[in-house]
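Presented below is the structure to which this report refers.
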Amino acid sequence: MIRGGCLLVVLLALITPGFAQSSPGPEPVPMPPPIVGPADIPYPGIVSLLVNLTNTVDRVATVHETIPVRAGELTLLYPQWIPGNHSPTGPIDKLAGLFVKADGKTVPWARDRVNVYAFHVDVPKGVTSLDVDFDYLSAIKPTDGRIEISSQLADLAWNTVVLYPAGHFSRRIKFAPSIVLPSGWKYATALETASQDGDTVRFEDTMLNKLVDSPLIAGANFKRVDLSTGPDNPVFLDVVADEAKDLEITPEELQAHKNLAIQAQKLYASHHYDHYDFLFMLTDVVGGQGLEHHQSSEDGTRANYFTDWAAGVRGRDLLGHEYTHSWNGKFRRPADLWTPNFNVPMRDDLLWVYEGLTQYWGLVLTARSGMITAEQARDEMAGLAAGFEASKGREWRPLVDTTNQPTISLRRPVSWVSWQRPEDYYTEGLLVWLDADTKIRELSNGKKSLDDFAKLFFGVNNGSYITDTYTLEDIVASLNQVQPYDWASFLKERVYELHPEVPENGFTQGGYKLVYNDTAPPWEKRAAENPRFGTSFVESLGFNVMPDGSLGGVSWESVAFKAGIVPGMQLLAVNGEVYSTEKLRDAIRKAEKGTEPITLLLKDRDTIKSVALDYHGGLRYPHLERVEGTPARLDDVLAAQ
Numbered sequence: 111m112i113r114g115g116c117l118l119v120v121l122l123a124l125i126t127p128g129f130a131q132s133s134p135g136p137e138p139v140p141m142p143p144p145i146v147g148p149a150d151i152p153y154p155g156i157v158s159l160l161v162n163l164t165n166t167v168d169r170v171a172t173v174h175e176t177i178p179v180r181a182g183e184l185t186l187l188y189p190q191w192i193p194g195n196h197s198p199t200g201p202i203d204k205l206a207g208l209f210v211k212a213d214g215k216t217v218p219w220a221r222d223r224v225n226v227y228a229f230h231v232d233v234p235k236g237v238t239s240l241d242v243d244f245d246y247l248s249a250i251k252p253t254d255g256r257i258e259i260s261s262q263l264a265d266l267a268w269n270t271v272v273l274y275p276a277g278h279f280s281r282r283i284k285f286a287p288s289i290v291l292p293s294g295w296k297y298a299t300a301l302e303t304a305s306q307d308g309d310t311v312r313f314e315d316t317m318l319n320k321l322v323d324s325p326l327i328a329g330a331n332f333k334r335v336d337l338s339t340g341p342d343n344p345v346f347l348d349v350v351a352d353e354a355k356d357l358e359i360t361p362e363e364l365q366a367h368k369n370l371a372i373q374a375q376k377l378y379a380s381h382h383y384d385h386y387d388f389l390f391m392l393t394d395v396v397g398g399q400g401l402e403h404h405q406s407s408e409d410g411t412r413a414n415y416f417t418d419w420a421a422g423v424r425g426r427d428l429l430g431h432e433y434t435h436s437w438n439g440k441f442r443r444p445a446d447l448w449t450p451n452f453n454v455p456m457r458d459d460l461l462w463v464y465e466g467l468t469q470y471w472g473l474v475l476t477a478r479s480g481m482i483t484a485e486q487a488r489d490e491m492a493g494l495a496a497g498f499e500a501s502k503g504r505e506w507r508p509l510v511d512t513t514n515q516p517t518i519s520l521r522r523p524v525s526w527v528s529w530q531r532p533e534d535y536y537t538e539g540l541l542v543w544l545d546a547d548t549k550i551r552e553l554s555n556g557k558k559s560l561d562d563f564a565k566l567f568f569g570v571n572n573g574s575y576i577t578d579t580y581t582l583e584d585i586v587a588s589l590n591q592v593q594p595y596d597w598a599s600f601l602k603e604r605v606y607e608l609h610p611e612v613p614e615n616g617f618t619q620g621g622y623k624l625v626y627n628d629t630a631p632p633w634e635k636r637a638a639e640n641p642r643f644g645t646s647f648v649e650s651l652g653f654n655v656m657p658d659g660s661l662g663g664v665s666w667e668s669v670a671f672k673a674g675i676v677p678g679m680q681l682l683a684v685n686g687e688v689y690s691t692e693k694l695r696d697a698i699r700k701a702e703k704g705t706e707p708i709t710l711l712l713k714d715r716d717t718i719k720s721v722a723l724d725y726h727g728g729l730r731y732p733h734l735e736r737v738e739g740t741p742a743r744l745d746d747v748l749a750a751q
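Note that the numbering used here has the sequence shown beginning at 111, numbered continuously upward.
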């Protein structure tokens, strides 16, 4: 029963806003003033930058900048959005020991309360320059990040060692960079050397955008290899290595790398660099790398890349991929991936072109150059398609949404790759572009191909270094110029709509079909020894095993998944015998002929568990099988031009 007085209170609470509250709730604290945005106006003066790389023991780069200034408020920015990372991954956490001085006296600085990449300085009257000093604390152990410096070599990304004034396009801020190297080390970079005094190197003045786009490698063991196609197309392979013996290159390996430059020149019929430098690190100490730049690329792989050539089929397209980025991603770039400085957010929705098309041409050029065989390239494509056939993530996530992943996860690993499908725009993008290439060849009766699109789209303005941006509409228009077709619908269906079907039209149009058998590609055993890849049982049991026996990935809703196996478990035994990859293969073969399950013993953190897998489908290795009587367009795609 509600008494009269209570009823009045209830009614007032219902009809009177705020009546039920005795006092107002909290209000938001006002945000600080926004940091001044970049304008296309020159910054007055030249910023002097000196980086000392001699402390290889502590892996610390010491930085000194002299910045011309005027009295008043100055905001200094540490690069946040790094081209090629497609995400705000600037390593601000590794900046330490920041001091700002004017005429020898300390000038206070304050980090922005919202944007931690911004530092505010109140420049005193009469001061015309600031001296800025800080340390870049490169990772010492892999859990801290990628190792960049060792006792034998170093990979310097200039964005890690620079603070720059806000309010200007990066192309309008001039720097005078210098570096001090460990005694006797040699170096390579796309920057032009102005002078060298002992171990101190001064480079020609350059704009900030080019500086950040021109990393430097240096090391005690160094070799420069000329891959130029002629005097009008200078290309170099600059190699640093853990040991001098890792620099040895056979004549056949050298020719294959020269062929890469030749085939790229034939494909694009242009170039957009004074000289191109593959900054190639052969190391088991410094972390692997693959990062594109306009006139160079940072490429890091295993130390025995040359000395154990047979082991490197998988992943050998690294150089072809990064080289292609000189045209796709650096010279021509998606319009919303271009930003006026390194602290304006990027938008990634065309990464299926930026990276997917580059992934396609990277593999094709690697095959055309002879760095891998056509059969090995087809095996790689078959493996990609088979992986997607096992990927349940295609049922909920369209390809275009995977382009958001670099910003969603900042490119950290995910646990369930097949369900989350984090960055499929790379490899599924490859299959989409193979589909487009073979479709053009089919429609034109072999008279046209995606090679014609490459020349039309990326071959413009030969010799120009000025970025030329593109949109989806530009892509569709150029495809139609090469071969009329409903390309807008073609791309919409495969990229922008939910598309659970694996895009395998490129195989069928190319004269092949995806099949499975119990015979692994002959090169796969060596590839399995690579700690990045391991041995795949994805198509059978639903997981892959790393060389140390740990499970690198488990496919969602696979046999292993349904049995409670998760990534990271350690495989200890198979059917009562100590685990080896061959014993696991034998167990799968045995189960195919019988009814007994495959019993696995696994370590899951601090527990041991036995799992029985009721699988009898045998070993399943993907291959592309030739369909007789159909045009072998895929052979034409992979053939040297």
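Don't be surprised by glycine CBs; every beta carbon is placed ideally from N, CA and C. Model, not experiment: these values are computed from the prediction.
- Within the model, the alpha-carbon separation for E702 versus Y725 is close to 8 Å.
- Taking 3 residues as the minimum length, the beta strand (DSSP E) runs contained wholly in the segment 188–229 are 205–212, 219–221, in order along the chain.
- Counted as a single uninterrupted DSSP element, the stretch harbouring F285 is not any alpha helix (DSSP H) but the beta strand (DSSP E) occupying residues 284–290.
- Take N627, set aside five residues on each side of it, and the residues of its chain with a beta-carbon closer than 7 Å to its own are Y731, H733, in chain order.
- Rounded to the nearest whole angstrom, the CA to CA distance from R604 to Y535 is 11 Å.
- Inter-residue distance for W529 and W666 is about 6 Å (C-alpha atoms, whole angstroms).
- Note that the C-beta distance between L389 and A298 is below 7 Å.
- When DSSP states are grouped into helix, strand and coil, A749 belongs to the coil group.
- One thing to note: L723 has its Cβ no nearer than 7 Å to the Cβ of S650.
- Runs of alpha helix (DSSP H) with 4 or more residues, each lying fully within the segment 312–342, are found at 318–322, listed in chain order.
- In the three-state scheme derived from DSSP, where H, G and I count as helix and E and B as strand, T645 is classed as strand.
- It is roughly 35 Å from the alpha-carbon of T548 to the alpha-carbon of T360.
- When rounded, the separation of the alpha-carbon atoms in A328 and A371 is 23 Å.
- Rounded to the nearest whole angstrom, the C-alpha separation of F498 and D352 is 37 Å.
- Each of V335, T339, E302 was checked against the Cα of L321, and the nearest Cα belongs to E302.
- Contact check for D241 against K211 passes: the beta carbons are separated by less than 7 Å.
- A contact between stretches requires three or more CB pairs, one per stretch, nearer than 8 Å, and the segment 160–177 meets this requirement with the segment 257–269.
- In the structure shown, the three-state DSSP call for D724 is coil.
- In its chain, beyond the 5 residues on either side, L651, G652, F653, V664 have a beta carbon closer than 6 Å to the beta carbon of A670.
- In the pairwise beta carbon analysis, the segment 237–252 is classified as not touching the segment 419–432: fewer than three pairs are separated by under 8 Å.
- Distance from the CA atom of P677 to the CA atom of M141, rounded to whole angstroms, is 43 Å.
- For V676, there is no enclosing alpha helix (DSSP H), as DSSP marks it with neither H nor E.
- Looking at the DSSP output, M481 bridges to nothing.
- Between Y383 and Q399, the C-beta gap is not smaller than 7 Å, which leaves the two residues out of contact.
- By the Cβ-count criterion, Q751 is exposed, with fewer than 16 other Cβ atoms from all chains shown falling within 10 Å of its own Cβ.
- For V157, the uninterrupted beta strand (DSSP E) run begins and ends at 156–165, by DSSP.
- Out of H385, P657, S280, the CA that lies nearest to the CA of G147 is found in S280.
- Taken in chain order, the unbroken stretches of beta strand (DSSP E) that lie wholly in the segment 575–630 and span 3 residues or more are 578–580, 622–627.
- In the structure shown, G662 falls within a strand segment according to DSSP collapsed to helix, strand and coil.
- For the segment 384–443, the full-length beta strand (DSSP E) segments reaching 3 residues or more read 386–392, 399–402, 406–411 along the chain.
- In the DSSP annotation of this structure, P632 is not part of any alpha helix (DSSP H), being labelled neither H nor E.
- Using a Cβ-Cβ distance cut-off of 8 Å, the segment 476–492 and the segment 426–438 are in contact, since at least three pairs of beta carbons, one from each stretch, lie closer than that value.
- Under the Cβ criterion (8 Å, minimum of three pairs), the segment 492–512 does not count as touching the segment 705–717.
- For I259, there is no enclosing beta strand (DSSP E), as DSSP marks it with neither H nor E.
- For F279, the secondary structure class from DSSP, reduced to helix, strand or coil, is coil.
- DSSP lists no bridge partner for V271.
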